[in-house]
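Encoded as C-alpha cells, the structure appears first; notes follow it.
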Amino acid sequence: MSDRASHLRRLENESIHIIREVVAECRAPVFLYSIGKDSSVLLRLMQKAFHPSTLPFPLLHIDTRWKFRAMIEFRDETVRALGLRLLVHTNEAARAEGVNPFDHGPYYTHAMKTEALKAALALHGFDAAFGGARRDEEKSRAKERIFSFRTANQEWDPKNQRPEFWRLYNGRINKGESIRVFPLSNWTELDIWQYIMLEEIPIVPLYFAAERPVVERDGSLIVPDDDRMRYHPGEQPQLRMVRFRSLGCYPLTGAVESTAATLPEIVTEMFTARTSERGNRLIDRDEKDSMEKKKREGYF
Amino acid sequence: MDGNALTDRQQPAAQTDGAAALAAYLETQRRIGTLRFLTCGSVDDGKSTLIGRLLYDTKLIFEDQLASLERDSRKHGTTGDDIDFALLVDGLEAEREQGITIDVAYRFFTTDRRRFIVADTPGHEQYTRNMATGASNAELAVVLVDARNGVLTQTRRHSFIASLMGIRHVVLAVNKIDLVGFDQARFEAIRAEYEHAVAEFGFQSLVAIPLSARYGDNVLTRSDRTPWYDGPSLLEHLETVDIGDDLALAPFRMPVQWVNRPDLDFRGFSGTIAAGTVKPGDVVAVASSGRTTTVARIVTMDGDLDEASAGDAVTLALADEIDISRGDVLAAGEAPVAMADQFQAHVVWLNESPMLQGRTYLFKLGTRTAPGSITRIRHRIDINTHEKLSATDLRVNDVAVVNLGLTLPVAFEPYAESRDLGGFIIIDRVSNATVGVGMIDYALRRATNLTWQDLDVDRAARARLKDQQPAVIWFTGLSGSGKSTIANLVERKLHAQGQHTYVLDGDNIRHGLNRDLGFTEADRVENIRRVSEAAALFVDAGLIVLVSFISPYRAERDAARERIGDGEFLEVFVDTPIEECRRRDPKGLYEKAYSGLIRNFTGVDAPYEAPLTPEIHLRTVEAVPEVLADRVIEALRGRNIIR
Chain A
25 MSDRASHLRR
35 LENESIHIIR
45 EVVAECRAPV
55 FLYSIGKDSS
65 VLLRLMQKAF
75 HPSTLPFPLL
85 HIDTRWKFRA
95 MIEFRDETVR
105 ALGLRLLVHT
115 NEAARAEGVN
125 PFDHGPYYTH
135 AMKTEALKAA
145 LALHGFDAAF
155 GGARRDEEKS
165 RAKERIFSFR
175 TANQEWDPKN
185 QRPEFWRLYN
195 GRINKGESIR
205 VFPLSNWTEL
215 DIWQYIMLEE
225 IPIVPLYFAA
235 ERPVVERDGS
245 LIVPDDDRMR
255 YHPGEQPQLR
265 MVRFRSLGCY
275 PLTGAVESTA
285 ATLPEIVTEM
295 FTARTSERGN
305 RLIDRDEKDS
315 MEKKKREGYF
Chain B
4 MDGNALTDRQ
14 QPAAQTDGAA
24 ALAAYLETQR
34 RIGTLRFLTC
44 GSVDDGKSTL
54 IGRLLYDTKL
64 IFEDQLASLE
74 RDSRKHGTTG
84 DDIDFALLVD
94 GLEAEREQGI
104 TIDVAYRFFT
114 TDRRRFIVAD
124 TPGHEQYTRN
134 MATGASNAEL
144 AVVLVDARNG
154 VLTQTRRHSF
164 IASLMGIRHV
174 VLAVNKIDLV
184 GFDQARFEAI
194 RAEYEHAVAE
204 FGFQSLVAIP
214 LSARYGDNVL
224 TRSDRTPWYD
234 GPSLLEHLET
244 VDIGDDLALA
254 PFRMPVQWVN
264 RPDLDFRGFS
274 GTIAAGTVKP
284 GDVVAVASSG
294 RTTTVARIVT
304 MDGDLDEASA
314 GDAVTLALAD
324 EIDISRGDVL
334 AAGEAPVAMA
344 DQFQAHVVWL
354 NESPMLQGRT
364 YLFKLGTRTA
374 PGSITRIRHR
384 IDINTHEKLS
394 ATDLRVNDVA
404 VVNLGLTLPV
414 AFEPYAESRD
424 LGGFIIIDRV
434 SNATVGVGMI
444 DYALRRATNL
454 TWQDLDVDRA
464 ARARLKDQQP
474 AVIWFTGLSG
484 SGKSTIANLV
494 ERKLHAQGQH
504 TYVLDGDNIR
514 HGLNRDLGFT
524 EADRVENIRR
534 VSEAAALFVD
544 AGLIVLVSFI
554 SPYRAERDAA
564 RERIGDGEFL
574 EVFVDTPIEE
584 CRRRDPKGLY
594 EKAYSGLIRN
604 FTGVDAPYEA
614 PLTPEIHLRT
624 VEAVPEVLAD
634 RVIEALRGRN
644 IIR
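These protein sequence lines are chains A and B, in that order.
Taking this note's numbering, the leading residue of the first sequence gets 25, the next gets one more, and so forth.
Taking this note's numbering, the leading residue of the second sequence gets 4, the next gets one more, and so forth.
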C-alpha cells in the first residue's frame, strides 16, 4: 500500500500486529479458512505479517460438502499456488446420517459447522484459531473481542470476556482452553473490497456477476450448484445476472441481482448498497439473536 | 457506506459517471484519516440513541437493518411509534431485555472527511472497566449529559476515567436539549459547571454542543431550533478536530514482537513502531543490552521501504548479529529508552477477585511479560470526589496509585509520553484472566543506577565449604497433615549426614518475623512472600532450607519457586485428606474452626489450592512419617543436592 496515511494502511498495520502477537504467544495456532473474500484478505495479511517467512501455521477448512464447487476449486488452487498447509475436516458421522441443509435446518448448521469445527480444533489440539469475522457484520459481533476467549468446552460467554486495552492482547490460557482471534475486527465490508482491489487479491469468481441459474425462494435467490438441489413444486431455475456478497453452503446462500462483473463495479455498487451482506444469509434468520446463540455454542 | 454528502452529490449515478464517481470516491478514501472516539454518559443520557442517529443520518443503515429496526422498535422500543435508534446498537439479548448497554461495542461510519470508529461504553456504575477499555484506544471522548439533569456524579466519573486513560479531547454533548425548550441559559449553566468540574483533568480541547439525538438537532447539521448556538454540529466537530498525533516526531521506539528467521540467511525483527521514524542507516540501540547497530533494511512483502514511522508494522534487518528477542525494544541510538523494575503507576482493578499487595501477577508491557507485584498501595482514588483513601487491597473498579516491582527490568516510558511503552495489563497467574490495567507515572529508581554490593565470598564459595548444593524443600499441605513432623525427620537425617540445614516453620515464624500478620487472604500472601525472601537468603548462605508452611495459594508457591530458582526449589505436597487431619487435630484447631471459634481456617472456610505438579507427592495415609522422610532424602540424592 503506497499511501501511508490512509485508513486502510492503519487497518493493515493493526491486523498484522494482531497476527504476529498470536504466533508469538500461542503454542498451536490455526487459520480457519472459509474461502470467502474475508479469508482471502486475511491470508494476504498473514503473508505480509511473516514475509519473508511462510505462514507458521496451517489452514483448516470445515467442509460441509455443500459448498459451491467453485469454492473448493479456488481453495485447492490457492493452497497449491502459495504452498500452504491445508487441513480439511468434515463431520463424517452426521454426513453418514444424511444430515443436509434441506431437511435439517438449524441442526444442519450446528452439526456440519459448529460441531465439526469444535471436533477439528480438539482433534489437532489447536489453542488459537484465526477467523475472518468483522464487527460490522452483525450486532452481537460488534461486542466481540479481538482475542475472544473460549472455555475448555469451546463456549463463548459474552459476559466473561477479557477486557482489551491498547494493543495489549492476553493470549494466556490453561490447558484445553482456546482463543479465537479476529484480526479483521475493525474492517468494514467496503474496506475489504477496496483492499482486494488495491492489492489485487484473488477471490472466488462467484463474487462477480454472471448469468446463473436462479431459484427464488422466500425472497432469496438460490443458485443450484449440483443435482442434489431439491426443487419445490413449480420451481424452475431461470438465468439471471447475479453475484454473491458472501459465500457459504449453496442451498443456504442467497445471491443478489447485480451486473457488477469487475472489482471497480463491485466497489461502485457497494458504496451505493442498501442491503447488508448478512441479509442474504438464510442461516442468520433461523431465529432471533441467532448469531449470538451460535457464537455461544462455538460457531465462529 | 460512504459519506452522506458524497452520495447526495452522486446520485443518481448513471453508468457513464460510474468510473468518475469511483475514482473520486477512492481518492477521498485514500486521503481521509481515522478518528477513534468513545461515547460515555449515564444510563439514560442517550448514548446508544446518539450513535444510532449518527449511523442512520450518515446512511450507514441498510434497508434490511432498517426493517428489522422498525420491527424491534414496535416490540422493545421506548419511543412510541418513532424509530428507537438505541435498538440499532444494543446488541446482546440480556441488555435488550434490561434496556442498558453492558459491554463495549464498536461501530463504524465514514464521511468524506474522516472515518470513525466509535466505542460505545456503558454508563452503569459497576462497569468502570468497560469504559476504561473503550477509552484506551480512543483519541476523543463524547461525554453525554441529559440537559434536564446536568452534570451528575457519573459525568464526573466518566470524565475522570477518560483523563486517566490519557484522552485529551472532550466533547460535552448536552443531549435532550429539546426537553428543556432549547434553553440557552440552561445549556450555558451546564457548560460552566462541567468546565469547573474537569478543570484539573488537563483536557486540551473541550467543546460543548447542545443537541437532541432523538430528533437530530446539531448532530449532523446545525439546528434552527438553537439559533443562539454558533459552534459546530457534533459531526462537523468530529470531522475537523485536530488530535495532534505527533508520535512520528518523537524518538524512534519499536518493541520487538517476533524474530523472523526463515533460514540462516535472514534474521529480521518484526514489530509495530511505537514512536518516531526509522530509515536504513539509522543507529538503533537495544534496550536490554545497550548494544547498538544500524538498520540495514526495512523489509515488507511489498518491497523494502525507505522509511517507516509510528504505527507501521514492519520487519527490520540489522547490520550486526546481536542478541535480540521478543520483549526487547529497539530505540534511536541518540535517544535510548530507559530500563527500570520499580515504578509508580495508576491502576484500575478489573476483576471480582481483589488485588492483593505482594501477590505475584504477570505484567504485560509492550511485548514483554514479566512477573512482579504491587509492593505498596499508595492510595486509592475515590473516582467521584477524587479524594485519596488508604487501602490494603483493591476491588473491582477501584482506581489507585501504587508502587510496583517487577522481577526484571523492562524498557518503558511514562504513559503520558507513550501509550505503547507506558500502559500495561495485569494477568492472574492461575486463571490467566486480565485482572488489572495500569499506566506508568515514572520509575522509582532506574535499574541501571542500581548496583549490587559485590561480595568476594559468593554463594558458590559458601556452598563449596559446606560440600553441598543449597536448596529449598517446600512442604505444603493442610494444617495437621504432617508437614512439620516430616520436615523435622528429614532435617535430622540430613544433619546426621553432615549437611547444613535450617527449618522455617509456619508457627515459629508467626511468633517472630510475621507476628504482625493475621489470616486474611492479603496477610497470607504477605506471610509467604516474607518466608520466600528469608528462604532465598538462607539458600544464598549455602544452606538446605526446609520450609514447612500451609502455603494455601498456588500463586504464592509459584512466586517462591521463581524467587528461589527452578532448579533449587522442590515442592513437597504433604497430601492428607481433610477428614484425616480433622481426626488427628494435633492442636485442637479443627474443632475450634468447625465450631466457628476460628475463622479463615484453611480447608474449613478458607481455600487450599493443591499443587498440580509437585516434585514430591507424599500421601500420608499410605506410609509412616519415617518412610516418607526417606523418600524425600532419596529425591534429594536423585537431584544431586546431597550425595
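A virtual CB, placed ideally from N, CA and C, is assigned to each residue, including glycine.
Per DSSP, which one or two residues make a beta bridge with A:M265?
Residue numbering aside, residue 265 of chain A sits at position 241 when the first sequence is read from its first letter. A:E235.
In whole angstroms, what separates the C-alpha of A:L69 from that of B:R560?
Counting from 1 along the first sequence, the entry for residue 69 of chain A is found at position 45. Counting from 1 along the second sequence, the entry for residue 560 of chain B is found at position 557. So the alpha carbons of these two residues sit roughly 42 Å apart.
What residues match up with B:R110 in a beta bridge as DSSP calls it?
Here residue 110 of chain B refers to the residue found at position 107 of the second sequence. Answer is B:V121, bridged to B:R110.
Can you find the residues in the same chain that come closer than 6 Å, C-beta to C-beta, to B:R118, ignoring five residues on each side of it along the sequence?
As a first step, residue 118 of chain B is located in the second sequence; it is residue number 115 there, counting from the start. Closer than 6 Å at Cβ, skipping near neighbours: I35, T37.
Starting from the beta carbon of A:D160, find every residue of chain B whose beta carbon is closer than 7 Å, and list them in chain order.
Residue mapping note: residue 160 of chain A aligns to position 136 of the first sequence, counting from 1. Under a criterion of Cβ atoms nearer than 7 Å, the residues of chain B adjacent to A:D160 are, in order, F111.
Short of 6 Å in beta carbon distance, which residues of its chain neighbour B:T454, apart from the five on each side in sequence? Order them along the chain.
As a first step, residue 454 of chain B is located in the second sequence; it is residue number 451 there, counting from the start. Residue placement at B:T454 is flagged as unreliable, the pLDDT there being 38, under the threshold of 50; a coordinate-derived value is accordingly withheld.
Span of the alpha helix (DSSP H), counted from its first residue to its last, around A:R99
As a working note, residue 99 of chain A is residue 75 in the first sequence. Per DSSP, A:R99 belongs to the alpha helix (DSSP H) from 93–106.
If you follow the alpha helix (DSSP H) that A:W217 is in, where does it begin and where does it stop?
Residue mapping note: residue 217 of chain A aligns to position 193 of the first sequence, counting from 1. Segment 213–223, the alpha helix (DSSP H) holding A:W217.
Starting from B:N263, trace the beta strand (DSSP E) in both directions and tell me its first and last residue.
Translated into positions along the second sequence, residue 263 of chain B becomes position 260. In the DSSP assignment, B:N263 falls within the unbroken beta strand (DSSP E) covering 261–266.
Report yes or no: is there a C-beta of chain B within less than 8 Å of the C-beta of A:N177?
Against the first sequence, residue 177 of chain A aligns to sequence position 153. Cβ-Cβ to chain B under 8 Å: no for A:N177.
Contacts around A:G156, its chain only, beta-carbon distance under 6 Å, and the 5 residues preceding and following it disregarded:
For the purposes of this step, residue 156 of chain A is identified with residue 132 of the first sequence, where counting begins at 1. Hits under 6 Å: D62, S63, L66, L208.
Leaving aside the five residues before and after B:T295 along the sequence, list all residues of the same chain whose C-beta is less than 6 Å from its C-beta, in chain order.
Translated into the one-based positions of the second sequence, residue 295 of chain B becomes position 292. Once the five neighbours on either side are set aside, the close Cβ partners of B:T295 are V286, A288, G336.
Given that B:T254 touches chain A, what residues does it touch there, using C-beta distances under 9 Å?
As a position in the second sequence, residue 254 of chain B is number 251, starting the count at 1. In the sequence on display, residue 254 of chain B carries Pro and not Thr. Within 9 Å of the CB of B:P254, no CB atom of chain A is found; the nearest one sits about 19 Å away.
Taking buried to mean at least 16 other C-beta atoms within 10 Å of its own C-beta, is A:Q178 buried or exposed?
The count along the first sequence starts at 1 and reaches residue 178 of chain A at position 154. By the neighbour-count rule (16 or more Cβ atoms within 10 Å), A:Q178 is buried.
Within 10 angstroms of the Cβ of A:N184, are there 16 or more other Cβ atoms? Answer buried if so, exposed if not.
Within the first sequence, the letter at position 160 stands for residue 184 of chain A. Exposed.
Below 8 Å on the Cβ atoms is my contact criterion, and I expect B:I212 with B:A176 to pass it. Report the Cβ-Cβ distance as a whole number of Å.
Residue numbering aside, residue 212 of chain B sits at position 209 when the second sequence is read from its first letter. Residue numbering aside, residue 176 of chain B sits at position 173 when the second sequence is read from its first letter. 6 Å between Cβ atoms; contact.
Does the pairing of the stretch 510–519 of chain B with the stretch 576–586 of chain B give three or more beta-carbon distances under 8 Å?
The stretch 510–519 of chain B is not in contact with the stretch 576–586 of chain B.
Within 8 Å, do at least three Cβ pairs link the stretch 344–354 of chain B to the stretch 433–448 of chain B?
The stretch 433–448 of chain B and the stretch 344–354 of chain B touch, with no fewer than 3 CB-CB distances between them shorter than 8 Å.
Three-state secondary structure (DSSP) of B:N406:
Counted from its first residue, the second sequence places residue 406 of chain B at position 403. Under the three-state reduction of DSSP, B:N406 is assigned to strand.
Short CB-CB distance (under 8 Å) between B:L95 and chain A
What you label residue 95 of chain B is simply residue 92 of the second sequence in a count that begins at 1. Residue confidence is low: B:L95 scores 46 on pLDDT, short of 50, so the model does not pin down where it sits. Its coordinate-derived value is still stated next. Using a Cβ-Cβ cut-off of 8 Å, B:L95 counts as an interface residue toward chain A, since at least one Cβ of chain A sits closer than that to its own.
Could you work out which residues of chain B lie near A:W190, taking near to mean beta carbons separated by less than 8 Å?
Against the first sequence, residue 190 of chain A aligns to sequence position 166. Chain-ordered, the chain B residues with CB closer than 8 Å to the CB of A:W190 read S139, N140, R422, D423, G426.
For my contact list, B:F272 and B:T318 are in at a C-beta cut-off of 8 Å; report their separation, rounded to the angstrom.
The sequence position of residue 272 of chain B within the second sequence is 269, counting from 1. The sequence position of residue 318 of chain B within the second sequence is 315, counting from 1. Contact flag correct, Cβ pair sits at about 7 Å.
Is it buried or exposed, B:D323, if we count other Cβ atoms within 10 angstroms and call 16 or more buried?
In the second sequence, residue 323 of chain B corresponds to position 320, counting from 1. Within 10 angstroms of the beta-carbon of B:D323 lie fewer than 16 other beta-carbons, which makes it exposed.
Report the partner residues of B:R300 according to the DSSP bridge assignment.
Locating residue 300 of chain B in the second sequence gives position 297, where the first residue counts as 1. According to DSSP, B:R300 shares a beta bridge with B:A320.
Rounded to whole angstroms, what's the CA-CA distance from B:G641 to B:K391? Just pull it up for me.
On the second sequence, position 638 is the one that residue 641 of chain B refers to. On the second sequence, position 388 is the one that residue 391 of chain B refers to. Approximately 55 Å between the Cα atoms of the pair.
Looking at the secondary structure, which residues open and close the beta strand (DSSP E) in which B:Y364 lies?
Counted from its first residue, the second sequence places residue 364 of chain B at position 361. From DSSP, the beta strand (DSSP E) with B:Y364 extends over 363–368.
Along the chain, which unbroken stretches of the beta strand (DSSP E) at least 3 residues long are found entirely within the stretch 179–247 of chain B?
As far as the stretch 179–247 of chain B is concerned, its whole beta strand (DSSP E) runs of at least 3 residues are 208–213.
Burial state of A:Y57, where buried means 16 or more other Cβ atoms lie within 10 Å:
Your numbering for residue 57 of chain A matches position 33 in the first sequence. Within a 10 Å sphere around the beta-carbon of A:Y57 sit 16 or more other beta-carbons, which makes this residue buried.
Have a look at A:E45 and B:D186 and give me their C-alpha separation to the nearest angstrom.
Along the first sequence, one-based indexing puts residue 45 of chain A at 21. Along the second sequence, one-based indexing puts residue 186 of chain B at 183. Distance from the CA of A:E45 to the CA of B:D186, rounded to the nearest whole angstrom, comes to 52 Å.
The alpha helix (DSSP H) with B:A141 in it runs from where to where?
For this step, residue 141 of chain B is matched to residue 138 along the second sequence. Under the DSSP assignment, B:A141 falls outside any alpha helix (DSSP H); it carries neither an H nor an E label.
Apart from the five residues on each side of it in sequence, which residues of its chain come closer than 7 Å, Cβ to Cβ, to A:F92?
Locating residue 92 of chain A in the first sequence gives position 68, counting from the first residue. Same-chain partners within the cutoff: L230, D249, L271, Y274.
Please go through the same chain and pick out, in chain order, the residues whose beta-carbon is closer than 8 Å to the beta-carbon of A:S30, but skip the five residues on each side of it.
As a working note, residue 30 of chain A is residue 6 in the first sequence. Same-chain partners within the cutoff: there are none.
The beta strand (DSSP E) enclosing B:C43, as first and last residue numbers
The count along the second sequence starts at 1 and reaches residue 43 of chain B at position 40. Judged by DSSP secondary structure, B:C43 falls within the beta strand (DSSP E) whose first and last residues are 36–43.
List the residues of chain B that A:E244 touches, going by C-beta distances under 7 Å, in chain order.
As a working mapping, residue 244 of chain A is identified with position 220 in the first sequence. The identity of residue 244 of chain A in the sequence shown is Ser, whereas the question assumes Glu. At a C-beta separation below 7 Å, A:S244 has no neighbours in chain B, since its nearest C-beta there lies roughly 12 Å away.
Is the beta carbon of A:Y132 sitting closer than 8 Å to the one on A:P125?
Reading the first sequence from its first residue, position 108 is the one you call residue 132 of chain A. Reading the first sequence from its first residue, position 101 is the one you call residue 125 of chain A. In this structure, A:P125 lies closer than 8 Å to A:Y132 by Cβ.
Would you list, in sequence order, the uninterrupted beta strand (DSSP E) runs of no fewer than 3 residues that lie entirely inside the stretch 40–89 of chain A?
Counting only runs of at least 3 residues, the stretch 40–89 of chain A fully encloses the following beta strand (DSSP E) elements, listed from N- to C-terminal order: 53–56, 83–86.
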